[in-house]
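J.: One structure is given below, represented as structure tokens, and several questions about it will come after.
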């Protein structure tokens, strides 16, 4: 592996993480996040404008396409911070659109005037994305489109190419449903929408990147939830002792910590491999493995965080509940554990054949 | 369910359990078991003679066939005691032969002069038993025959009927391999052995009974291993405290106890259902469920018993090791968890269809 | 007083049929099979129907207006109510306070309170937990001081289930700070409209106000609003455990969750997936084995035997099993696991509803951790 | 002294090739890929070959007869030895005592003992644990009293790995009973042939005598057979932890167990079973993730960073993972899981061998329970 760019990426990552402080308060306050729940589109356009101002839309656009050409290490560093802050905006979905569209990303998105999100998923419970294009038009559905409730453009990914579709396009119906964390998930229905299909060969790669980036988001979420839980264990007393002094809770806390550090190690090593050139099988395997680890981590931490908070854990007013709701809302995005293990099992066949 | 025979079976079970004290020392001594390991046939013919004297060979023979016609509740009560004493003799395999043969059980077995065991399993890792008969002769193999190293007769179960084959029969090769607990498991190879095939319609039932009875053996084994481990937790001190006072070990100990009581409840209720008339689907499901529970219990207790005994747990001289070795030697007999779950999944299809 | 037949004289089968017919004929037009509790305004019709027929207090003796059911018959009633999906009424009065009044109450207290529970005029809440006294319940700090002929109460209770629906609350208060903490606790009966009582609702993870905090600020109640003797409240509070624990450990919650899991798996198209089936049958065995264990305790109840500390095994396994089932549901529901509302408007298909409703089961009514501590000491005889 | 090239100056790839060639050319005709330890009589040829080439003490400085390898290079050497399946030699001298002598030993001690470790003349055992001092090591009771110019030692050590092969043993002994238990411990060097030393072998679950008890009955050693100062033994004993812990947490054991699991599954005909595969890939992910975590610590070693208490995470996860793999092996092996000897005489197919060899990994070298206690306090900062 080449480590020649070590300092570069670390410096870039540091700058991006610093810039995220404009959106994720350094003091850990979740009041903005709490207030944004359960009304409107589930996200704040102003925050998306800030994200554009900070240059994030250009992160995953190559330098020769006018972008910053940053790697997955920088992207994961950013996503981890966003996860720790439970940022509800569809940043990852916008970055995916930019990665797919490259120099064809609409100008209004770069200036922050417009929001673009990616619509790729053909059905719930599967990672298929090739549907949707038929005879030069868009047909059928795309599920789980984040930010759909207020996005201006959709980068619609199909086997026939990617189409940039404005919200008001004729034949496009956008609906969305509330999610447990207080956001919304969108469903696009295309009834023969006219569209220009731009060629795109990197969809599978972008999905692998997204799976990894979303794992980093779940890692950030889990880490902060563990920190809050450990703080609670140190101060909450029962039987005149802090409950964190009870060995059985201690041992369970160490298990969370171990799982967390495994996730961090896998995500960080995978991001490095992605940035320094990994073959297709490694990319596929490692993206699945990171998502499996991070998804299970988030669910483990959610479960234990509730239990260790006792009655406080099942109130809506305790901040830990925000993490639990986000974890169960997002743990299965880009494929739950069942899908990841199935795709890993399929790779096993390739290994045998190899 | 009919409970009219409640008192009968309880009295019978009590008498049989009492009679087992001739074989399983009331003081819990395992010196006979320890001494019998790793030499000879792995079991003591004298003990089998005692078992016959105590009338055990007649337990599963119907009253109109001259037997005692006792139920699975009594059988499980006996097996539980034998498991607690790690009795290495092939009692269950003999009882199976008696249940299959009924009035055709050789007289020498009833008097205790001869030992008979059952040979049924067509291959490792499957519960098939219909192989072995071809054109009026025995062909092929039967695996995992307990006590084969010194048995006088084999009740060979096939799809064409059951054959009583003496050890010295022409064309029969008996080999056996050492098992981890110090016993031996037999392999019978039939090279066209002449045999009389007696009709037998109850093989599948006898196998279900055996699966249940073996679960009771594993229950007895697990209970005694847990008792020994709890005793150790009470007396072994580290950091000036009994290690049983450490909460994390306490919580793990309660998990063993819960699993143990689930096994006991399932086995006891299943035995009652078997005795009071259960349909084929219930029998099949409940035998599999008991074996799944008891097999996993034995492996759980083995694992935790070693860990909780610390370095003592990995010595051969500590008695707990005898339980660990027996657990891992026998947990998979009559089908490991993989097989039980597979047969339960197959029943799921029937439920749907029903 | 309503004249009821002698239900205990019926065969189990006949009684089951009686309950079944009763429910089918009388259940009002309110929701069935809800995962979360209904509030008084919604469940009131059912309470009043039960009250009218003399069925609101199944375990009270008949001379006190109850059905006088044995534990075995009571279980059948519960099973049939659950089978039909009857909403749970505000039952702190019938289930918790009534038996305590019958055991520890004065004649005057019985005469005043029991009929009002039966009629639904008094809806009770239970004030045990405090912010600093949850698992360690004996650490209650809410205090009461006798001032002339009144108790003057100051302090706070929390996690008061459906406290906002109640017009009376019974509370554990500290009446002596100088003794061992269990020995200085009394049991007071307080009207919620007494001056100085305020409540604040607490939303749970399902975003429903199922419990609340109750604050007492110089609240005065007459000296005779005490149940049992002064400083003997801990005994009364503990007296209720036992029989009820068996019902908490019943396999019903898990069994009904399995049927929802089945439907969610069918919808997700994984019902035929061998990997799913392997996990499904393992959980199914857990439910069946739990049912066999549960029956042992039911037999004890039927036989009038005391229930020991070992019943905690039922509660631990049931609640953790319920959670494990809900976790497999979430996995199977894939991205839909994050939806706030039921897919297709069908509550049976809503994985998250089960997941969230399963969370408190390992926390309330004795957390799994406390139950394991109890088991380790009282049942396994492990040292402190 | 043997003249060795400067291995640290080589590229990692070149050094790896050097080690690989060395092993292939020099490994004697003794078993490879054994799951259990070989005894001195069997492994002696390999020790002497390593000794002859100056490769027996990879981490000692070159001026003391070692290879002087950096941690990174040492890791490559270990990896290549493991890859080839080299038997582990009796390495308590090279690995444990040597570094301690170099740090705490007198000039006379170094001059006497170091060359004899290098040559294989002295084979050392470690005497730390006692029947009452395992996890609580500082509770050692074996005592030494200065009598004239001799230490007189009385007491017992146990779990002494390959103690029956050793001719010297270093022991922790109590030399002051009046102080805090950690403060009254000294570190003595004792020849096994001293009058009053007796040993008793202990068979392990694999029925092999891998460790023994060592009894000291008025054993006398000269006063200068102490390492470091009197009552400072605890410091010396603790000094070794750190770097070694990284190697204990390496994914090698688990990775090689996975390849055996693969073969056992093929033989059992379940390799294509989706249920098996689901569990197999989950374990495979565990191994790969552990490998990524391990590399972080290796990078720290390469960069000369100190290793903190958090390295216990590696040991816990590695050892538990190894056990989980072995447990799936046992399930897959079905009835053959109970065989004492390898099926078809092929040790790779012997599920029970891995199962049994995996048991001590969560007990020795700091039990999982002790490691979790350490993590909770030192890393998670949870209260006592």
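Chains as they are written, first to last, in this note's numbering: chain F, 281 to 634; chain S, 281 to 634; chain R, 4 to 387; chain A, 4 to 387.
Where a beta carbon is used, it is the ideal one built from N, C-alpha and C, also for glycine.
1) Taking C-beta pairs closer than 8 Å, name the residues in chain S that residue 358 (chain A) reaches, listed in chain order.
2) Compare the beta carbon distance of residue 30 (chain R) and residue 107 (chain R) with 8 Å and say whether it is the shorter of the two.
3) Residue 46 (chain A) versus chain R: which residues are under 8 Å apart at the beta carbon?
4) Whose C-alpha, out of R:20, R:172, R:213, is nearest the C-alpha of residue 95 (chain R)?
5) Quick one: complete alpha helix (DSSP H) runs, 4+ long, within the stretch 234-312 of chain R?
6) Do the stretch 593-601 of chain F and the stretch 299-306 of chain S meet, that is, are 3 or more Cβ pairs less than 8 Å apart?
7) Determine the direct distance from the alpha carbon of residue 307 (chain R) to that of residue 303 (chain S), and round the result to whole angstroms.
8) What distance in whole Å lies between the Cβ atoms of residue 156 (chain A) and residue 191 (chain A), which are believed to be in contact at a cut-off of 8 Å?
9) Determine, using beta carbons only, whether residue 280 (chain R) comes closer than 8 Å to chain S.
10) Would you kindly report the start and end of the unbroken alpha helix (DSSP H) that includes residue 29 (chain A)?
11) Is residue 583 (chain F) helix, strand or coil by DSSP?
12) Helix, strand or coil, according to DSSP, for residue 325 (chain R) in the structure here?
13) Figure out for me which residue from S:577, S:387, S:630 has the closest Cα to the Cα of residue 617 (chain S).
14) DSSP on residue 194 (chain R), reduced to helix/strand/coil?
15) Identify, in the order they occur along the chain, each residue of the same chain with its Cβ nearer than 7 Å to the Cβ of residue 375 (chain A), setting aside the five sequence neighbours on each side.
16) List, in chain order, every chain S residue whose beta-carbon is nearer than 7 Å to that of residue 548 (chain F).
17) Just the Cα atoms here: how many angstroms apart are residue 385 (chain A) and residue 298 (chain A)?
18) Taking DSSP as the reference, what is the three-state secondary structure of residue 343 (chain A)?
19) Mind checking if residue 618 (chain F) is an interface residue toward chain R, Cβ cutoff 8 Å exclusive?
20) Hey, does residue 128 (chain A) have any beta-carbon neighbour from chain F nearer than 8 Å?
21) Which chain S residues sit within Cβ distance under 7 Å of residue 284 (chain R)?
22) Pick helix, strand or coil for residue 189 (chain A), following the three-state DSSP scheme.
23) Taking 8 Å as the CB-CB limit, is residue 8 (chain A) close to chain R?
24) Residue 231 (chain R) and residue 239 (chain R): beta carbons closer than 8 Å?
25) I'd like to know whether the C-beta atoms of residue 353 (chain F) and residue 621 (chain F) end up nearer to each other than 8 Å.
26) Hey, would you say residue 391 (chain S) sits closer than 8 Å to residue 383 (chain R), going by beta carbons?
27) Counting only C-beta atoms, is residue 288 (chain A) closer than 8 Å to chain F at any point?
28) Measuring only the C-alpha atoms, how far is residue 471 (chain S) from residue 453 (chain S)?
29) For the stretch 408-458 of chain F, which segments carrying the beta strand (DSSP E) assignment without a break, of at least 3 residues, lie completely within its bounds, in sequence order?
30) Using the C-alpha atoms, what's the distance from residue 374 (chain S) back to residue 614 (chain S)?
31) Please report the residue range of the alpha helix (DSSP H) in which residue 272 (chain S) lies.
32) For the stretch 366-385 of chain F against the stretch 316-336 of chain F, do three or more pairs of beta-carbon atoms, one drawn from each stretch, fall closer than 8 Å, so that the two count as touching?
33) Looking only at its own chain, which residues have a Cβ that is under 6 Å from the Cβ of residue 12 (chain A), when we skip the five neighbours before and after it?
34) With DSSP as the reference, label residue 171 (chain A) as helix, strand or coil.
35) Taking the alpha-carbon positions, what's the residue 294 (chain F) to residue 339 (chain F) distance?
36) Can you name the residues of chain F whose CB is closer than 8 Å to the CB of residue 527 (chain S)?
T.: Walking through what the data contain:
1) The CB of residue 358 (chain A) comes closer than 8 Å to the CB of 608 in chain S, given here in chain order.
2) no
3) For residue 46 (chain A), there are no C-beta contacts with chain R under 8 Å, since the nearest C-beta of that chain is about 43 Å from it.
4) The residue with the shortest Cα to Cα distance from residue 95 (chain R) is R:172.
5) Listed in chain order, the complete alpha helix (DSSP H) runs (minimum 4 residues) inside the stretch 234-312 of chain R are 236-242, 246-251, 255-271, 277-305.
6) no
7) The alpha-carbon atoms of residue 303 (chain S) and residue 307 (chain R) are separated by roughly 37 Å.
8) 7 Å
9) yes
10) 15-29
11) helix
12) helix
13) S:577
14) strand
15) Here the set comprises 319.
16) Near residue 548 (chain F) there are no residues of chain S at all, since even the closest Cβ is about 31 Å away, more than 7 Å.
17) Going from the Cα of residue 385 (chain A) to the Cα of residue 298 (chain A) covers about 27 Å.
18) Note: residue 343 (chain A) maps to coil in three-state DSSP.
19) At least one CB atom of chain R sits nearer than 8 Å to the CB of residue 618 (chain F).
20) no
21) 621, 624, 625, 628
22) Here residue 189 (chain A) sits in strand by DSSP.
23) no
24) yes
25) no
26) no
27) yes
28) 8 Å
29) 417-426, 433-438, 441-446, 452-458
30) Rounded to the nearest angstrom, the two C-alpha atoms are 15 Å apart.
31) Past the edges of chain S, shown from 281 to 634, lies residue 272 (chain S), and the structure says nothing about it.
32) Judged by Cβ distances under 8 Å, the stretch 366-385 of chain F makes contact with the stretch 316-336 of chain F, as three or more pairs qualify.
33) none
34) strand
35) 14 Å
36) 526, 527, 528
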